[in-house]
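Start counting the sequence shown at 1; every next residue gets the next number (the UniProt record's numbering).
We put the beta carbon where it would ideally sit given N, CA and C, even for glycine.
Just so you know, these numbers come straight off a predicted model, no measurement behind them.
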Amino acid sequence: MEEDAWGNAVTAASAEAARALDETALAYMGFRLDTGAHLKAALTADPEMPLALIYRGYFFLLFCHPALARKAAETRERLLPMAEGGALNARERLHFRALDLWVDGDMQGANDAWEAVMLDWPFDPMAIRLAHYTSFYMRGGTAMRRQSARVIRDWAGRDLPGAGFIHGVHAFSCEESGDYANAERHGRMAVEMNPADIWATHAVAHAMEMQGRHREGIGWIRANEADWNRTNNFRFHVWWHRCLYHLELGEHDEVLALYDRAVRAESTDEYLDITNGVAMLWRLEQEGVNVGGRWDELADRSAERVHDHILCFADMHYVMALAAAGREAEAKDMIAAMRDASDGDFSSQGEVYRRIGLPLAEAVVAARAGRHQQVLDTLLPVREDIALVGGSHAQRDVFERTLLESALAAGKGALARALAAERVDAKATSAYGWRRYADALDLCGDAEGARAARAEMARLAA
Ligand SMILES: [Fe+2]
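Structure follows, in structure tokens:
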């Protein structure tokens, strides 16, 4: 029995294997490109190391890709005799349980297992990070905050490897639960400890986005670009955040240039990369910007994922890409496939598909087809459940915008006015919010109110 860098007992054939697994965890937390190389080193040093195999299963599942999910299932099969033969210690047994449940699509069950690890082993960074990740795609801010709050006091001020990453995790938890001051405090602390900490950089970027600090946000993201831009594809998402600021500032040419140069510089099939692209083009078109032929590439990639049904949040964006590219029949086929797959699927994601995924998918297809009343009829009854689909407040805002745009397009003045009033109250520095508030007031016949709202919009743009 060896010990890891955080003092936890780990089953390994050698100290060399244990050190390589420590590096794997640190590389994963840092979104580093050498994560796989460190895991390979651990498994070369000890091909039967239980936790290394479990991590391999986790990494396969993190791609949310059916082919890799099958490899995760194979890894589980390989681990099964070890787990049943008593080769795993108590902490490793909980990690195996997490993998076992996650392979079956029970993200909630896996999350519970990592939370159980955190109770007895608060210095297990992988359990903290994976609980954070899966909560993000399920219950969102409140659960994330509760989980990271349980361990942040243990890690704070301790000279432990990767302590900054836990501050970054807590920063994002704080942000998604609306505590922007603590998000910024923990995020800045983490970035000071490690300027390449892209998750912490991203957490502060979110806090600035939610507070409408657009110019400051661009400066923040640019400040450590040379460091965070060396990480894996998550960097495309940080570029996406920079685009959000430029979009709010009406700098559409800059958004398109960054889209082509960074956000979607490569036509990857990573789910997060596709969601970045879809969510940006969708917003640009809502602002009346011609995005040219950019949808076609995203729709081609999405068409390959029609039968995924792994992560509802990702599937929503595949449907959006197909609908936006004018491939409504394929989008509808995907919805039908989603309905079939979720029917009788009692995993936590199955419930998400039934409760919010299907109506959301129907609504985005209706929006693209100009069936705005259908968007309202479909989305309004489930609006409070949209958060269940996962993702951040900033990411889900694309659905809120769609609801507002449809209210305006359907000529529902009172509803549009109410929805736009919510926006300007939540983010008073958003020119988009004021513009749509003005449009809604016009619809209601309040010309004077509309003039005042446009004056506020002009003041913000000045
Ligand atoms: Fe984000």
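Nearest-angstrom Cβ-Cβ length linking residue i and residue j, presumed shorter than 8 Å
i, j, result
"residue 464", "residue 284", "Residue coverage of the chain in this structure runs from 1 to 462, which leaves residue 464 outside it and unanswerable."
"residue 335", "residue 301", "Residue 335 to residue 301, Cβ: 18 Å. No contact."
"residue 52", "residue 42", "4 Å"
"residue 266", "residue 241", "With 8 Å as the limit, residue 266 and residue 241 do not qualify as a contact, their Cβ atoms being about 18 Å apart."
"residue 37", "residue 57", "With a Cβ gap of about 18 Å, residue 37 and residue 57 do not count as contacting."
"residue 278", "residue 320", "5 Å"
"residue 296", "residue 341", "Contact flag wrong, Cβ pair sits at about 26 Å."
"residue 394", "residue 244", "7 Å"
"residue 54", "residue 79", "7 Å"
"residue 121", "residue 8", "6 Å"
C-beta neighbour in chain C for residue i, strict 8 Å
i, result
"residue 311", "Among the protein chains of the structure shown there is no chain C, as only one such chain exists."
Member of the options whose CA lies at the smallest distance from the CA of residue i
i, options, result
"residue 19", "237, 203, 1", "1"
"residue 6", "102, 38, 154", "154"
"residue 215", "57, 247, 229", "247"
"residue 77", "400, 377, 103, 65", "103"
"residue 505", "323, 356, 328, 327", "Here the chain covers residues 1 to 462 and nothing more, so residue 505 does not appear."
"residue 289", "256, 399, 461, 424", "256"
"residue 124", "260, 92, 14, 341", "92"
"residue 391", "25, 74, 173, 90", "173"
"residue 422", "410, 411, 401", "401"
"residue 194", "177, 164, 448", "164"
"residue 180", "145, 196, 113, 197", "145"
"residue 75", "117, 60, 404", "60"
"residue 139", "9, 119, 107, 157", "107"
"residue 398", "451, 8, 313, 21", "313"
"residue 347", "105, 47, 433", "105"
Identified DSSP bridge partners for residue i
i, result
"residue 400", "BP columns for residue 400 are empty, so no partner."
"residue 2", "10"
Contacting residues, own chain, Cβ-Cβ under 6 Å from residue i (five flanking each side not counted)
i, result
"residue 101", "109, 110"
"residue 200", "168, 171, 187, 190, 191"
"residue 307", "337"
"residue 83", "96"
"residue 152", "170"
"residue 16", "45"
"residue 363", "375, 378, 379"
"residue 175", "183, 203, 206, 207"
"residue 252", "289"
"residue 299", "321, 322, 325, 327"
"residue 162", "26, 29, 125"
"residue 305", "318"
"residue 127", "114, 117, 118"
Contacts around residue i, its chain only, beta-carbon distance under 7 Å, and the 5 residues preceding and following it disregarded
i, result
"residue 413", "440, 443, 444"
"residue 229", "235"
"residue 23", "38"
"residue 70", "none"
Contact under 8 Å by Cβ, residue i with residue j
i, j, result
"residue 367", "residue 406", "yes"
"residue 184", "residue 204", "yes"
"residue 457", "residue 416", "no"
"residue 352", "residue 388", "yes"
"residue 212", "residue 177", "no"
"residue 114", "residue 130", "yes"
"residue 460", "residue 436", "no"
"residue 420", "residue 372", "no"
"residue 276", "residue 309", "no"
"residue 116", "residue 94", "yes"
Beta-carbon contacts of residue i that lie in its chain and below 8 Å, excluding the five residues immediately before and after
i, result
"residue 291", "256, 281, 284, 285"
"residue 11", "1, 2, 49, 50, 51, 87, 88, 89, 92"
"residue 311", "64, 137, 271, 349, 390"
"residue 132", "144, 147, 148, 169, 172, 173"
"residue 231", "30, 31, 32, 33, 196, 198"
"residue 385", "355, 356"
"residue 332", "365"
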